[in-house]
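> Here it is: the structure, laid out below.
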Amino acid sequence: MNFNKNETIKKQKHLVSKASKNKEKAKVSVFKGFLICIIAFVAICIGAGLGMFNGVLDDAPSIDDINVVPEGFQTCVYDQNGNLVTTLSSINSNREYVSYDEIPVNLRNAFIAIEDERFWQHNGIDIRGIFRAAYEGVRNGFNFNQGASTITQQLIKNEVFNVGMNENTKLDSVKRKIQEQYLAIELEKRLSKEEILEYYLNSIYLGEGCHGVETATKTYFGKEMSELTVSECAVIAAITQNPSKYDPALHPDQNAKRRQTVLDYMLDQGLIDDAEYKTACADDVYSRVELTHDTNAENASANSYFIDSVINALMNQLINEYGYSKKDASNLVYAGGLSVYITQDAGIQNICDTVLNDPENYPASTQVSLSYQLSLMDDDQNVINFSTNHLLKHFKEKTGNNNYSLIYSSEEEARAAADEFKADMMAENPDYPYAVESYDTTIQPQISFTLMDQSTGYVKAIVGGRGDKKGDLTLNRATDSARQPGSCFKVLAAFVPALDAGGKTLATTYEDAPFTYDNGRPVANWWGDSYRGFNSIRDAIRDSMNVIAVKTITDIGPQLGFDYLMNMGFTTLVESETYADGTVYSDIQQSLALGGITNGVTNLEITAAYASIANTGVYVEPIFYTKVLDHDGNVLIDNQPETKQIMQPTTAWLINNAMKDVITSGTGGPCALSSGMPVSGKTGTSSKDYDLWFCGSTPYYTASIWLGYDINTSLRLSKGGWNHQCHSLPHYRPFAKRWL
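First residue of the sequence shown? That's -17 in the numbering used here, and the numbers climb one at a time after it.
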């Protein structure tokens, strides 16, 4: 072998070169492997991302199934002349729908300028807007407070995703945003830009319970949308981003800043000219907003008793006749965009409200009843609750007066009683030092009134009580309170069936003399212990004679009287009812003739019964509305009242004629009209003077008035000596005079 110097050096170089090459090869191999891993990882991430993205899209609602047309519209109630009386709405239905062409160009442009300046160019999502928002977010320290949602996306968010209310995490928000963008692109393939803008401007929430631009216009400016100025359009568009913060009535300064931005954008985008811009900027628009808002606030009072009656009647009809559930019926009434045409006569209703709430028509001894709830709490949040009944029981025991009543002479006296009860309860429960109370009083005695057209069944006016009405669907004493009818039942339960089917006439004579019920209890006349001998049924109607009424129903049988009452539309009568203690109650008794019944009757139903006498014996069901149209103007309900002949026309004429004597020479004298217009009617007083009634008719209307305490209290024994001759009847005369 050759081991000389040159050969050795050559050998070394060869070895070094080979090692170097192997090392380089190893590096390349490692790099290739790393690169392959990176590519594989990226590919996996992309694949996973695409899979997740596709999963999100697959989970999106189908474009074929979504509905972006705004739903939930206020119901409009119109009077008999087609004038708007009021609107009914739920939290999401205070909306009046308007078409694209009805929305002023400046209002459309104001929203486009501030919300989506490339609305007419993009395909549902605005890529430039997304990058702009991202850039601004990074520039502002990753504070991404600029939105990039297009009007199309906002519409989908409002109508499909419920404004994002179902999102619990950031991931949910991202998922919704992706689906929103996807659906926006798909939606723009199916709808025109005009349709999208129309739906958006009818769906957007604009504060103060307003959904859509039409309702907002009326709420903030009290005018029609066509009358809006550029300045006012900018005010409304400025609300959109944050309806609470930019409420022009509550926060005009904040809205003004945003409004200026809207006007600047409109000018920059060529949507208004310099003259329009300067005029709008100089406009003192918020003075008008504040005034209109204050006016609306004052008018936002509780619905009237009549409107409450309409709501209840419509709800019952939808449930009982059309098969709606209670929830669905409520949704339709408050958010179905119905048009309800009611029977109310505004002029007559105003007369009734004025007369019945005039303090001059009541004695100075007007009182109040107390309703009180008290909750005491300890440091561990344990609670003891006390009701009005606890208060009553407490004072009965404390005063030793078992007749203690929750009727007080004044507000001050009622407040003192509540404070005393609260102090006593806190003293008895020293470990419960925290108190929360609910205190309310109601003026007493109370009153109810119903007036209807006897020939059509149209209820023209109704009053469910006097004093301030404190809420919607509160106690309506005309439709909800069943009270003892007293002598008003003599005609309905005894004399009508006696003449119509019992073989009696107005000339049939009975002896007014001592008489007892079958159970041995004596029947007394309302004027005392004296008797008047032989009198006719006509005399008995005129003078409201108890003994003759009971003798009449005894002759014809209480069952016949009961059957006639049922046919007159009464729903509160008891045929037979067994209580838990085994006691059997039935209204098929001799006392039926005097209104001695289990549950009482409502003012509305007794008015309808007397109306049948005035209407030649034809019962016409009382109704509060004539028709109901759906949101598209189709007839949903054509409300034709039930009618039936419940007595012979001759019977009705004779009874009506006899009841005229009640006014001309009997117990109803205070109701006579100086004009000579004939009035027929019947007075009624229940046992212990708890209830005072008058039911009467003119040739056009039938009405009933009731007076009494919500808590049974004798009117004759109360302070001031109230009675049917001096108080309840005079109310009828001013009503009747002003109707005519």
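We put the beta carbon where it would ideally sit given N, CA and C, even for glycine. Model, not experiment: these values are computed from the prediction.
Establish whether the CB of serine 679 and some CB of chain B are separated by less than 7 Å.
Judged by its chain identifiers, the structure shown contains no chain B, having just a single protein chain.
> Leaving aside the five residues before and after threonine 68 along the sequence, list all residues of the same chain whose C-beta is less than 7 Å from its C-beta, in chain order.
The beta carbon of threonine 68 sits closer than 7 Å to the beta carbons of Val59, Asn285, Ile289 from its chain, once the five residues preceding and following it are set aside; these are given in chain order.
> Quick check: what's the CA-CA separation for leucine 179 versus lysine 159?
The straight-line gap from Cα to Cα measures roughly 20 Å.
> Scan the stretch 609 to 663 and note each continuous beta strand (DSSP E) run of 3 residues or more that stays entirely inside, going in chain order.
617 to 620, 625 to 627
> Along the chain, where does the beta strand (DSSP E) that runs through threonine 68 open and close?
66 to 70
> Could you check the C-alpha separation between arginine 520 and asparagine 313 for me, to the nearest Å?
Roughly 52 Å separates the two Cα atoms.
> Cα separation between glutamine 730 and leucine 137?
The requested residue 730 does not occur in the structure, where the chain is confined to residues -17 to 722.
> Between Phe431, Arg503, Asp569, Ala460, which lies nearest to alanine 475 when the distance is taken from Cα to Cα?
Asp569
> Quick check: the Cα distance between serine 174 and leucine 70, rounded to an integer number of angstroms?
Looking at the two C-alpha atoms, the distance is approximately 32 Å.
> Report yes or no: do the stretch 81 to 88 and the stretch 352 to 365 share at least 3 C-beta pairs separated by less than 8 Å?
no
> In the DSSP output, what is arginine 241 paired with across the bridge?
Arginine 241 is not bridged to any residue.
> Touching or not, the stretch 104 to 116 and the stretch 214 to 233, by the rule of three or more beta carbon pairs under 8 Å?
no
> Have a look at leucine 249 and glutamate 170 and give me their C-alpha separation to the nearest angstrom.
27 Å
> Reducing DSSP to helix, strand and coil, say where phenylalanine 403 ends up.
helix
> Can you tell me whether aspartate 235 is helix, strand or coil according to DSSP?
helix
> Can you list, in chain order, the residues of its chain whose CB lies under 6 Å from that of serine 512, leaving out five sequence neighbours each side?
none
> Across which residues does DSSP place methionine 359 in a beta bridge pair?
Val365, Tyr416
> Could you compute how far the alpha carbon of glutamine 622 sits from the alpha carbon of asparagine 585?
22 Å
> DSSP three-state label for glutamate 84, please.
helix
> Considering only C-alpha positions, which residue in the set Asp361, Asp360, Leu356 is nearest to lysine 404?
Leu356
> Figure out for me which residue from Ile595, Gly539, Ile96, Ser463 has the closest Cα to the Cα of glutamine 242.
Ile96
> Quick check on DSSP: helix, strand or coil for arginine 465?
DSSP, reduced to helix, strand and coil, places arginine 465 within a strand of the structure shown.
> Can you list, in chain order, the residues of its chain with a C-beta nearer than 6 Å to that of lysine 451? Leave out the 5 residues immediately preceding and following it.
Ala284
> Quick check: the Cα distance between tyrosine 499 and threonine 534, rounded to an integer number of angstroms?
12 Å
> Can the beta-carbon of arginine 448 be found closer than 7 Å to that of serine 430?
no
> So, with DSSP's three-state summary, where would you put valine 566?
strand
> Taking the alpha-carbon positions, what's the glutamine 56 to isoleucine 425 distance?
33 Å
> For the candidate residues Tyr79, Leu320, Ile21, Gly577, whose alpha-carbon lies nearest to that of glycine 615?
Taking only the C-alpha atoms, the option nearest glycine 615 is Leu320.
> Going by the CB atoms, is the gap between glutamate 190 and threonine 201 shorter than 7 Å?
yes
> Which partner residues does histidine 372 have in the DSSP bridge list?
In DSSP, histidine 372 forms no bridge with anything.
> Tell me, to the nearest whole angstrom, how far the beta carbon of leucine 636 is from that of leucine 481; I am working on the premise that it is less than 8 Å.
6 Å
> Would you decide whether proline 504 is buried or exposed? Buried here means 16 or more other CB atoms lie within 10 Å of its CB.
Classification of proline 504: exposed, given that the 10 Å Cβ count is below 16.
> For glutamine 541, is the classification buried or exposed, using 16 other Cβ atoms within 10 angstroms of its Cβ as the cut-off for buried?
exposed
> Taking the straight line between their C-alpha atoms, what separation do you get for serine 573 and methionine 527?
13 Å
> Using only CA atoms, which one of Ile366, Pro345, Thr565 lies nearest to threonine 580?
Thr565
> Since methionine 527 is in the alpha helix (DSSP H), which residue starts that stretch and which ends it?
Premise fails: methionine 527 is in no alpha helix (DSSP H) and is neither H nor E.
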